[in-house]
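Q: First, the structure itself, so that you have it in front of you.
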Amino acid sequence: MTEVERLAKFQPNDFVLDIGINPKVISKGDGGSVALLAAATLPAVLNRPHIHPRGTEAAYIVKGKNITMGFAPENGGKVVINNAGAGFASFFPQGYIHFQANNDCEPGNLE
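As structure tokens, then:
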């Protein structure tokens with residue numbers, strides 16, 4: 309199964325978790341590493357698209373109401389974009405181009 313075929317089985321909201329209200333497990337994982345993001349975001353700021361070639365990134369929104377997060381594989385696969393706020397978490401698969409944007413007029417915090 310190709311990476312594009314594997315990603316096609318998921319819906320965009322499968323990559324955002326409401327940790328405080330409805331915790332769920334997306335995957336048991338298959339090894340590898342995870343990079344944990346810890347960043348303060350200024351109002352109306354984009355963390356420009358980038359990749360992590362050696363690990364998956366996890367981001368938990370500590371503060372913020374209107375954070376847009378998205379990713380896509382380089383090979384033309386499905387683009388995933390979600391909007392979330394404080395109490396939600398998301399992850400970006402290893403090697404995928406991804407970004408985060410604070411669309412609010414208030415600062416935000418991701419950890």
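Here the working numbering runs 308 ahead of the position in the sequence shown, where the first position is 1. Virtual Cβ for every residue (Gly too), placed ideally from N, Cα, C.
Using only the alpha-carbon positions, how far apart do P381 and R356 sit?
A: By one-based count along the sequence shown, residue 381 stands at place 73. By one-based count along the sequence shown, residue 356 stands at place 48. Rounded to the nearest angstrom, the two C-alpha atoms are 16 Å apart.
Q: How about F400 and I369: do their beta carbons lie closer than 8 Å?
A: For the purposes of this step, residue 400 is taken as residue 92 along the sequence shown, with counting starting at 1. For the purposes of this step, residue 369 is taken as residue 61 along the sequence shown, with counting starting at 1. Their beta carbons are not under 8 Å apart, which means F400 does not touch I369 by this criterion.
Q: Once the 5 residues before and after V324 are set aside, which same chain residues still bring their CB inside 6 Å of it?
A: As a first step, residue 324 must be located in the sequence shown, where it is residue number 16. The answer, listed in chain order, is N390, A392, F396, S398.
Q: Quick check on E313: does DSSP put it in helix, strand or coil?
A: Residue numbering aside, residue 313 sits at position 5 when the sequence shown is read from its first letter. Three-state DSSP puts E313 in a helix.
Q: To the nearest angstrom, how far is the alpha carbon of D412 from that of M309?
A: Position 104 of the sequence shown, counted from the start, is the residue given in the question as residue 412. Position 1 of the sequence shown, counted from the start, is the residue given in the question as residue 309. Cα-Cα distance, rounded: 39 Å.
Q: What's the C-alpha gap between F379 and G385?
A: Stepping through the sequence shown from its first residue, residue 379 is reached at position 71. Stepping through the sequence shown from its first residue, residue 385 is reached at position 77. One C-alpha to the other measures close to 10 Å.
Q: Whose C-alpha, out of E414, V388, T364, is nearest the C-alpha of Q402?
A: Taking the sequence shown and counting its residues from 1, one reaches residue 402 at position 94. Of the candidates E414, V388, T364, the one whose C-alpha sits nearest the C-alpha of Q402 is T364.
Q: How is P361 classed by DSSP in three states: helix, strand or coil?
A: Here residue 361 corresponds to residue number 53 of the sequence shown, with the count starting at 1. Coil at P361, not helix or strand.
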